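The structure appears right after this line, and notes come after that.
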Amino acid sequence: MVLHVMSVSDRAHSFPAGNNLGVDAIFVYTMHGRMASLLSRNRPYPPIFAFTSDNGTRMALNLQWGVIPLLVDLLDDDMEGNISMTMELIRRKGMLKPEYVVMVVSDLAPNHINCSAFQSIQVKTIV
0 MVLHVMSVSD RAHSFPAGNN LGVDAIFVYT MHGRMASLLS RNRPYPPIFA
50 FTSDNGTRMA LNLQWGVIPL LVDLLDDDME GNISMTMELI RRKGMLKPEY
100 VVMVVSDLAP NHINCSAFQS IQVKTIV
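Taking numbering that gives the first Met the number 0, I'd label the letters of the sequence shown as residues 0 to 126.
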């Protein structure tokens, strides 16, 4: 799995360039749907897979352009575990193929201060 991490302070302003990044999908981990909604407003070409553990958020995200909301049990402090679990889920469902490149973003708040995976944009390749 190839991983490039770029830490940013305000992730939402980075996404208008999403169509120029050459990614096949965008994974968003969200509790209330805010980041998925912001991404949707930019009308990116790749599909936005929004993973949430809140059914109300999942239902609300059905109304957002280009968003495919999925209800999953997110792991509180294990962002890498969340990414691995959801990549495997999407791969098993046949929604993404091996060698596809995925942008990963999150608006989940970490439970402890030193969790840098929550404060980053990651680009990963499906294996």
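Glycine residues also receive a C-beta, built at the ideal position from the N, C-alpha and C atoms.
Here the structure is a predicted model, which means the values were calculated and not measured.
So residue i and residue j are supposed to be a Cβ contact under 8 Å. How far apart are they, rounded?
i     : j      : result
Leu70 : Asn54  : 6 Å
Pro97 : Ile125 : 5 Å
Leu60 : Gly32  : 5 Å
Thr51 : Met30  : 6 Å
Would the beta-carbon of residue i fall within 7 Å of that of residue j?
i      : j     : result
Val103 : Ala24 : no
Leu37  : Ile47 : no
Which stretch, first to last residue, makes up the alpha helix (DSSP H) that contains residue i?
i     : result
Ser39 : 33 to 40
Ile89 : 78 to 91
Thr29 : Counting along the chain, Thr29 falls outside any alpha helix (DSSP H), and DSSP gives it neither H nor E.
Leu20 : Here Leu20 belongs to no alpha helix (DSSP H), and DSSP marks it neither H nor E.
Leu60 : 54 to 60
What are the boundary residues of the beta strand (DSSP E) that includes residue i?
i      : result
Ser102 : In the sequence under discussion, the amino acid at residue 102 is Met, which differs from the Ser named in the question. First-last of the beta strand (DSSP E) with Met102: 100 to 105.
Ile125 : First-last for Ile125: undefined, no H or E at that position.
Val71  : No beta strand (DSSP E) contains Val71, which DSSP labels as neither H nor E.
Applying the criterion that 16 or more other CB atoms from any shown protein chain within 10 Å of the CB defines a buried residue, is residue i buried or exposed?
i      : result
Tyr28  : buried
Leu62  : exposed
Arg40  : exposed
Arg91  : exposed
Arg42  : exposed
Leu107 : buried
Met78  : buried
Met58  : exposed
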